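Peer 1: In UniProt numbering, the protein residues as written are 1 to 243.
Using N, Cα and C, we set each Cβ at its ideal position, and we do this for glycine too.
Because the structure is a prediction, the values reported are computed rather than measured.
#1: By the DSSP assignment, the beta strand (DSSP E) with residue 7 in it spans what residues?
#2: For residue 141, which of helix, strand or coil comes out of DSSP?
#3: Measuring CB to CB, does residue 165 end up less than 8 Å from residue 202?
#4: Residue 208: which of 148, 240, 184, 33 sits nearest, CA to CA?
#5: Would you check if there are 3 or more beta carbon pairs closer than 8 Å linking the region 187 to 198 to the region 231 to 238?
#6: Could you give the distance in angstroms between the alpha-carbon of residue 68 and the alpha-carbon of residue 136?
#7: Using 8 Å as the cut-off, can you tell me whether the region 170 to 186 makes contact with the region 127 to 143, which would need three or more C-beta pairs spanning the two stretches below that distance?
#8: Going by beta carbon distance, what residues of the same chain come within less than 8 Å of residue 9, once the five residues before and after it are set aside?
#9: So is residue 105 buried or exposed if we call it buried at 16+ other beta carbons inside 10 Å?
#10: Check each candidate in 224, 234, 195, 127 and name the one with the smallest Cα separation from residue 206.
#11: Could you give the C-beta distance for residue 212 and residue 61, rounded to a whole number, given that I count them as a contact under 8 Å?
#12: Rounded to the nearest angstrom, what separates residue 5 and residue 12 at their Cα positions?
#13: Would a C-beta distance cut-off of 8 Å place residue 133 and residue 108 closer than the cut-off?
#14: Count the other CB atoms, across all protein chains shown, that sit within 10 Å of the CB of residue 179; report buried if there are 16 or more and exposed otherwise.
#15: In angstroms, rounded to a whole number, what distance separates the CA positions of residue 198 and residue 118?
#16: Can you tell me whether residue 50 is buried or exposed, with buried defined as 16 or more other CB within 10 angstroms of its CB?
Structure follows, in structure tokens:
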């Protein structure tokens, strides 16, 4: 991996992509852009809920944001997940191809927040190979509990914005992921197999503050609960005063 040239952070506003960005900045990589894909209601490749808040996060971070609307790719196809993932990757690769050209070939690589998903990582790595750029994936195959503790120790404020797993009820929506929540998730992992980082889609998050952000994101929201799963619906979001 080279630290020469500029980097693009694949960014949803969630904890994993935010941690990958944070670690890239710590490593001195020149991250010139964040790139957010706004998927539909369901996706095999991307974080889905509240990606529109990535613009506020980018403003707080102070890095330009590129937003990609992939258009209508159809509903996620459980019978042909591989083809679905390939289709979902196409708009991202097209956006990076255009940016690579605009940079006159100065795009060094992308950052990604994958932890254990071979499905996502293999496709992103293949895309990077086709573009002739590097992949920086600092979470890849790291111990999930250690990663979560590192995020908290660094000062990340993480909110849970969607849940879909046994043991996670409506009270988790909007909850801060802190040491107590992490301890409970570890218990749920033992009882139900809930991944402590939500890598299997058990929950999704939003980083509302951190050491890489100048101002926190303040939210007003309502909860939506549908029998065994739910999410928050943000009714207002703004940047607060610098912390």
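Peer 2: Here's the rundown:
#1: Here the beta strand (DSSP E) through residue 7 covers 6 to 10.
#2: Secondary structure of residue 141 (DSSP, three-state): coil.
#3: Result yes, Cβ atoms of residue 165 and residue 202 sit closer than 8 Å.
#4: Comparing Cα-Cα distances from residue 208 to each of 148, 240, 184, 33, the minimum goes to 240.
#5: Flag = no, the region 187 to 198 and the region 231 to 238 do not touch.
#6: When only Cα atoms are considered, residue 68 and residue 136 end up about 21 Å apart.
#7: Between the region 170 to 186 and the region 127 to 143, the count of Cβ pairs shorter than 8 Å is below three; the stretches do not touch.
#8: If we look at residue 9 and ignore the five residues flanking it on each side, its Cβ neighbours are 17, 20, 21, 24, 31, 33, 34, 35, 63, 110, 111.
#9: Exposed is the call here.
#10: Ranked by how close their Cα comes to the Cα of residue 206, the residues 224, 234, 195, 127 have 234 in first place.
#11: Confirmed, about 6 Å.
#12: One Cα belongs to residue 5, the other to residue 12, and the distance between them is close to 23 Å.
#13: With a cutoff of 8 Å on beta-carbon distance, residue 133 and residue 108 are scored as near each other.
#14: So residue 179 ends up on the exposed side.
#15: Taking the straight line from one Cα to the other gives about 15 Å.
#16: Residue 50 is classed as buried because its beta carbon has at least 16 other beta carbons within 10 Å across all chains shown.
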